[in-house]
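The UniProt record's numbering applies: residue 1 is where the sequence shown begins, and numbers increase by one.
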Amino acid sequence: MDGKVCLITGASGGIGLEAAKALAGMGATVVLVGRDATRTEAAVSAVRAAAPQAKVEWLKADLASLQSVRELAATFKARYPRLDVLLNNAGLILDRREVTADGLEATLATNHFAPFLLTHLLLDVLKASAPSRIVNVSSDAHYAARLDFEDLQSERGYIGFRVYGTSKLANILFTRALAKRLKGTGVTVNALHPGTVRTGFGHNTKGFFRHIVKLGAPFMISAEKGARTSIYLASSPEVESVSGEYFYKCRPRKPSSVARNDDFAERLWQVSEQLTGVKA
């Protein structure tokens with residue numbers, strides 16, 4: 001990874017931080033994205049401690065805000081002439097419905113619309129840096145998810161884990177549709193399930209899911225193990241030409257039938273373009 005530049009969202013802790021440590025240790029320049037200065041600066045220090053020779057920087061962004069995503073892309077491109085790996089890792093789950101300043105349901109805004117927009121804004125530099133890679137962290141939670149285009153913002157009923165699953169389903173559909181559009185460009189895109197990981201994820205909730213996370217913690221894998229598939233997809237020569245797939249434990253995995261529905265993927269793409277302001 002010498003000479004390569006990696007941008008990682010949600011890198012102030014958990015699997016994002018572990019991926020940053022590993023990629024920095026391989027020689028990559030790593031740019032961490034976080035919304036909390038104290039936590040993200042601590043993450044930068046942790047990366048430097050793990051890889052003393054690492055080139056590491058952090059950029060502030062709130063992925064629940066489309067304007068913040070646009071500013072992140074602009075700042076990155078102003079500072080870096082290339083991008084070899086975009087790791088869309090940031091994730092959110094809420095037990096109560098919240099709406100962003102853009103009028104979007106917050107979980108879907110953070111988990112899907114933010115990486116959709118960020119990826120589009122960075123596609124030019126990714127293509128110019130080819131061969132390059134996009135890695136989207138999804139989840140097996142998508143297997144139980146449904147995609148209701150008549151209520152995409154969950155206004156008729158809100159169940160936190162179901163909405164989270166829908167956002168992870170959207171990650172795979174986005175990956176599938178983007179892979180088709182990137183054929184012949186030298187840019188690949190893949191999605192993954194990291195496993196059930198013991199991190200701070202879900203601790204911001206106050207309801208039932210928070211208790212499930214606490215009870216299940218002893219049976220969850222470490223963030224280091226959870227980051228392995230992200231690291232593999234970002235760096236391994238074995239998947240240099242693989243695109244449009246879903247991985248678990250560094251191996252391809254068959255996603256749900258809904259996640260393989262190309263009509264859904266295209267419809268979601270069109271809706272996402274409209275809601276994020278991306279031009280077709």
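Each residue gets a CB set at the ideal place from its N, CA and C atoms; glycine is no exception.
Asked	Found
Could you give the distance in angstroms between the alpha-carbon of residue 282 and the alpha-carbon of L66?	As shown, the chain starts at 1 and ends at 280. That puts residue 282 outside it, with no answer to give.
Should residue 302 be labelled buried (16 or more other beta-carbon atoms within 10 Å of its own) or exposed?	Outside the shown range of the chain (1 to 280) lies residue 302, about which nothing can therefore be said.
What are the start and end residues of the alpha helix (DSSP H) that includes A37?	37-50
Check for me: the beta strand (DSSP E) holding L7 runs from which residue to which?	5-9
Can you check which of these residues, Q274, N190, G277, is closest to V239 by C-alpha distance?	N190
Under DSSP, the beta strand (DSSP E) around A277 begins and ends at which residues?	Note that residue 277 corresponds to Gly in the displayed sequence, not to Ala. Premise fails: G277 is in no beta strand (DSSP E) and is neither H nor E.
Taking R133 as part of the beta strand (DSSP E), name the residues at either end of that continuous run.	132-137
What number of angstroms, rounded off, separates the C-alpha of H142 from the C-alpha of P255?	8 angstroms
Taking 8 angstroms as the cut-off, does the segment 99-117 touch the segment 33-41 (at least 3 CB pairs, one atom from each stretch)?	no
Does the beta-carbon of G184 have 16 or more other beta-carbons within 10 angstroms, so that it is buried, or is it exposed?	exposed
What is the rounded straight-line gap between the Cα of V213 and the Cα of W269?	For V213, the predicted model reports a pLDDT of 48, less than 50, meaning its position is unreliable; a value from the coordinates is still stated below. So the alpha carbons of these two residues sit roughly 32 angstroms apart.
Once DSSP output is grouped into helix, strand and coil, what is the label at N111?	helix
For G216, name the three-state secondary structure that DSSP assigns.	Here G216 scores only 42 on pLDDT, less than 50, and its place in the model should not be relied on; the value that follows carries that caveat. If DSSP states are grouped into helix, strand and coil, G216 belongs with the helices.
Would you mind working out which of M1, D263, K279 sits nearest P131, comparing C-alpha positions?	M1
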